[in-house]
Structure formats: structure tokens, C-alpha cells
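Novice: FYI, in this note's numbering the residues of the sequence shown are 5 to 400.
Positions of the beta carbon are idealized from the N, C-alpha and C atoms, including for glycine.
Provided herewith is a single structure, encoded as C-alpha cells, for subsequent inquiry.
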Amino acid sequence: MISLAFLATAINYLDRQTLSVAAPLLRDQFHMSNTEYSRVLFAFLLAYTIMNGVSGPLIDRLGTRLGYGLCIAWWSAAALLHAFARGAMSLGVFRFLLGIGEAGNWPGGVKVVAEWFPARERALASGIFNSGSAVGAILAPPVVVYIISRLGWPAAFAATGLTGFVWLACWWPIYRTPDPPAGGSSALPPRIPVKQLLRSRFVLAFTFSKIFLDPVWYFYIFWFPEYLKRARHFDMASIGAYAWIPFAVAGAGNFAGGLLAGYLLGRGLTVMSARKTSVTFYAALMLSAIPAVLTSQAWISIALVSVAMFGYTGSLANMLSMPADVFPGSAVASVYGIASMGSGFGGMLFTLITGWMVDHYSYAPVFIGFGIMPLICALILWTLAGPGKVGTARSS
5 MISLAFLATA
15 INYLDRQTLS
25 VAAPLLRDQF
35 HMSNTEYSRV
45 LFAFLLAYTI
55 MNGVSGPLID
65 RLGTRLGYGL
75 CIAWWSAAAL
85 LHAFARGAMS
95 LGVFRFLLGI
105 GEAGNWPGGV
115 KVVAEWFPAR
125 ERALASGIFN
135 SGSAVGAILA
145 PPVVVYIISR
155 LGWPAAFAAT
165 GLTGFVWLAC
175 WWPIYRTPDP
185 PAGGSSALPP
195 RIPVKQLLRS
205 RFVLAFTFSK
215 IFLDPVWYFY
225 IFWFPEYLKR
235 ARHFDMASIG
245 AYAWIPFAVA
255 GAGNFAGGLL
265 AGYLLGRGLT
275 VMSARKTSVT
285 FYAALMLSAI
295 PAVLTSQAWI
305 SIALVSVAMF
315 GYTGSLANML
325 SMPADVFPGS
335 AVASVYGIAS
345 MGSGFGGMLF
355 TLITGWMVDH
365 YSYAPVFIGF
375 GIMPLICALI
385 LWTLAGPGKV
395 GTARSS
């Protein structure tokens, strides 16, 4: 079951990263500045932010099989539409439609984890499905560059969009809700109203913390190929050859995050303390973004960005597990969807700031800011999120 969520996440990022890889070509063809490109990204994040608050409760209401399936059907169709873009405006519209569907992936994946895995295994299971983001991002540079070189950029969007419909053909007949344990009740836990979730200290703190963590990842996935071209003077072939490396390292972070949390749990820490400690450790690794922009050597920069991205996925593996540690399975998609509105809001804000800063100054202040922000996320979790028991939520 977790392999299905892994594949969906890989497809999600393959669709998302197609624009990032093709951006140097499309920006030249459509005559887009950094600021105009940031507005196209803003359109995606605007839809993503709004729909995170909708997709989570929707998946909780419809069930994982139907709700998750509808999300990937929508975003796959939207990905196909990118092939018909003829300028910055139409590209922004199609990015908006893509964001509507892609917002459902993480609430859906978190719900799969909550349905199938006990607390001790959730961080590793979350890391497994979230590693699909790294796999999709690894595949995107060589695959998209190859398709563009042979068939043009519209074919690249069409080919990646079709993969989602292949996934649906596997998902629909395979996925099921697990049977209750022997001797356990088969009754589903009651749904927690969204209004009640919004009054939860944990939900509010968790949402606020994601404002400062997830935009760092958005920067790397949306801007890293652009950074290699504009600041490091890579051509498209070089981008295809090297842009995947940090994402490959990030894939290992998904597993490292789960392993560290498991080790800390084995040493007697509470579930929430183990999660927060792991997030803090990996957030500190993301400070490597600062020397990455200051070095004159491109290979050192790529290596340091790889460490930062490893830190992000190690942190996220534990963040993905937190809603299921605190709330019953009937609410986890809603909790993560609400919290992801924070990441979307932060993504919109910091994406626009990135475009403006690069146009008016350079990439240096951007990398420095994104190196520091994850530690703010960790600080919020330690000071505001509480010990892990929230009202109607269950203890771990």
C-alpha cells in the first residue's frame, strides 16, 4: 500500500518538476523575467494553498481510495494541459489547475500511513512515500531534457501527465482500508469537525511551523535549475546531467529521518519529543545553504545544496508523522491539509520575495534566508506545539 503512495508522490513531482527543468527554455521563449516567473509559480502555490484546506477534509469524507484517486486524476489532466501553453498567462492558469489537484497528495499519503502503520513505524513509512518526491525530481531533469531535445517541450508535459492515469489503473482495483485487528472494533472513529481542529493548539502551531520549512523545498524544486543556468552558467545538457544530484541525496534523508526517530523512541523518548528532536537535528543541516551560495566552485555548491535538501526530507519525514501521532485516523488528512495551507502561504510569500530579490540583488540573500528558516520551524514546534495530546486527540 505504501508503494502506491510512493509512486503517486513520484508522479506528483515529475509533473511539478517538468516546468522547473523546462523553465530556462520557456522563460527565453515567453520572455519572462525572474519576477514574472515567480508569478507563474505563485499561481500554482495559490491553488495549492487553498486546496490543502479542502483536499484533506475531502479525502477524510470520501475515503482514501476515492478521494486520493480523484486528486491524481485532476492533476494529471492539468499537467497535460501545459502542452498548450502559449505565454506566461496561460502557463500560470495551467499551473493554478495543477496546484488544485496536487494539494491532495500529502493529505492522501498521510492517511495511507495512518491507516496501515503503528506509531513506531510511521516516520519511516512517511519517509518511504515521501521519497517519491525525490525520485520524481531525480527523474525529471534527464527525462524532460531528453524529451525536449527529441520532441519539444509540449511533448514533455504530455508524457509526464499521462503517467498519472497509468497509476490510477493500478490504484483503483488494489487499494483497500485495512481490516481491524483481531478482537478490535470495526467501527470507524468519529470524524472531528474542522472548526474543532482549528481551535487545537497543535494544529495552529503545526500550521505556523510549516510556513518556515516547506518554502525552502519549494525554492530548491522551482529555482535550482534556474540558479544553475543564471548563476553557475550551466547549459540545458549540464542541467540534465547534474540537477538531479541533490534530489538523490534528499531521497536518503527520508529514510534517515525515520531511522533517527525510531532510535530516539528506542532510547525512551516520547513520540513527540523524538519527532521534535529529529526535526531540529535535520533543520540544522539546512544551514549548509549559506556556504552553498558563497563558494565559487559549482560542485561544492551542489554538494552543500544536497546536504540542505537531505536535511529537509529528514525533517519532513517526522513532520508527516505528527498528525497521526496526535489525532485519530479519521482526522489526519484534515489536519495535514490545514497545516499545508501554512506551507502554501509561506511558499507564495517567499516565492515572490525570491523573484524580486534575484532581479534586484542576487541569489545570496535568498540562500541565506532559506538556510535559517528551518530553525524557526523547529523553535515553533518546541515552544508552541505542546506535548502531543490535544483535546479529543489520542495519545501515542
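Is it right to say Phe349 is buried, meaning 16 or more other beta carbons lie within 10 angstroms of its own, or is it exposed?
Specialist: buried
Novice: What's the gap between the Cα of Leu11 and the Cα of Gly136?
Specialist: 6 Å
Novice: Could you tell me how far apart the beta carbons of Met276 and Pro391 are, in whole angstroms, since I believe they sit closer than 8 Å?
Specialist: 6 Å
Novice: Taking the C-alpha atoms as reference points, what is the distance between Ala245 and Pro146?
Specialist: Distance between the alpha carbons of Ala245 and Pro146: 7 Å.
Novice: Are Leu217 and Pro378 touching if we call contact CB-CB under 8 Å?
Specialist: Going by beta carbons, Leu217 and Pro378 fall inside the 8 Å limit.
Novice: Quick check: what's the CA-CA separation for Ile54 versus Leu383?
Specialist: 26 Å
Novice: Measuring CB to CB, does Gly131 end up less than 8 Å from Gly262?
Specialist: Pairing Gly131 with Gly262 gives a Cβ-Cβ distance under 8 Å.
Novice: Measuring alpha carbon to alpha carbon, tell me which of Leu232, Ile15, Gly270 and Glu119 ends up nearest Phe161.
Specialist: Ile15
Novice: Per the contact definition of three or more C-beta pairs closer than 8 Å, is the segment 167-180 in contact with the segment 35-46?
Specialist: no
Novice: Give me the Cα-Cα distance between Leu289 and Tyr224, rounded to the nearest whole angstrom.
Specialist: Going from the Cα of Leu289 to the Cα of Tyr224 covers about 15 Å.
Novice: Can the beta-carbon of Pro219 be found less than 8 Å from the beta-carbon of Gly351?
Specialist: yes
Novice: Can you list, in chain order, the stretches of the alpha helix (DSSP H) that have 4 or more residues and sit fully within the segment 146-220?
Specialist: The qualifying runs are 157-178, 198-202 and 205-214.
Novice: Counting only the same chain and skipping the five closest in sequence on each side, list residues whose C-beta sits under 6 Å from that of Gly188.
Specialist: Caution is warranted here: a pLDDT of 47 is assigned to Gly188, below 50, making its placement in the model unreliable, and the coordinate value is therefore given only provisionally. By the criterion of a C-beta distance shorter than 6 Å, Gly188 is surrounded by no residue of its chain, once the five residues flanking it on both sides are discounted.
Novice: For the segment 299-315 against the segment 251-258, are there 3 or more C-beta pairs whose distance is under 8 Å?
Specialist: Segments in contact, yes.
Novice: Quick check on the DSSP output: the alpha helix (DSSP H) that includes Phe238 runs from which residue to which?
Specialist: From DSSP, Phe238 is part of no alpha helix (DSSP H); its letter is neither H nor E.
Novice: Excluding the five sequence neighbours on either side, which residues of its own chain have a C-beta within less than 6 Å of the C-beta of Leu388, listed in chain order?
Specialist: Excluding sequence neighbours, Leu388 sits near Ala209.
Novice: Look at Lys199 and Ala343 and say whether their C-beta atoms are less than 8 Å apart.
Specialist: no
Novice: Hey, how far is the Cα of Ala89 from the Cα of Ala27?
Specialist: 13 Å
Novice: Taking only three categories from DSSP, how would you classify Glu120?
Specialist: The residue you asked about is not Glu; residue 120 is Trp in the sequence shown. Helix at Trp120.
Novice: Quick one: any contact between the segment 91-101 and the segment 292-308, if contact means 3 or more CB pairs under 8 Å?
Specialist: Contact between the segment 91-101 and the segment 292-308 is absent, because fewer than three Cβ pairs lie under 8 Å.
Novice: Return the first residue and the last residue of the alpha helix (DSSP H) that Leu62 is part of.
Specialist: That run of the alpha helix (DSSP H) goes Asn38 to Leu66.
Novice: What's the gap between the Cα of Ser338 and the Cα of Gln301?
Specialist: Between Ser338 and Gln301, the alpha-carbon positions lie close to 44 Å from each other.
Novice: Assuming Gly140 and Leu269 are in contact, meaning their beta carbons sit under 8 Å apart, how far apart are those beta carbons, in whole angstroms?
Specialist: With 8 Å as the limit, Gly140 and Leu269 do not qualify as a contact, their Cβ atoms being about 29 Å apart.
Novice: Indicate the three-state DSSP secondary structure (helix, strand or coil) for Gln301 in the structure shown.
Specialist: coil
Novice: For Gly91, report the span of its alpha helix (DSSP H) as first-last.
Specialist: Looking at the DSSP string, Gly91 is not in any alpha helix (DSSP H), and its letter there is neither H nor E.
Novice: Distance check for Met240 and Gly105, CA to CA, integer angstroms please.
Specialist: 29 Å
Novice: Taking only the alpha-carbon atoms, compute the straight-line gap between Gly373 and Ile6 and give it to the nearest angstrom.
Specialist: 34 Å
Novice: Once the 5 residues before and after Gly71 are set aside, which same chain residues still bring their CB inside 6 Å of it?
Specialist: Leu62 and Ile63
Novice: Label Pro250 either buried or exposed according to how many other C-beta atoms from any shown protein chain fall within 10 Å of its C-beta, with 16 as the threshold for buried.
Specialist: The residue in question, Pro250, is buried, as its Cβ has 16 or more Cβ neighbours within 10 Å.
Novice: Pull up the distance between the alpha-carbon of His364 and that of Val330, whole angstroms please.
Specialist: 44 Å
Novice: In terms of residue numbering, what span does the alpha helix (DSSP H) encompassing Ser334 cover?
Specialist: No alpha helix (DSSP H) holds Ser334; DSSP gives it neither H nor E.
Novice: Please state the DSSP three-state secondary structure of Arg271.
Specialist: coil
Novice: Leaving aside the five residues before and after Met36 along the sequence, list all residues of the same chain whose C-beta is less than 7 Å from its C-beta, in chain order.
Specialist: Ala92
Novice: Whole angstroms are fine: how far does the CA of Phe285 sit from the CA of Val58?
Specialist: Between Val58 and Phe285, the C-alpha separation is close to 32 Å.
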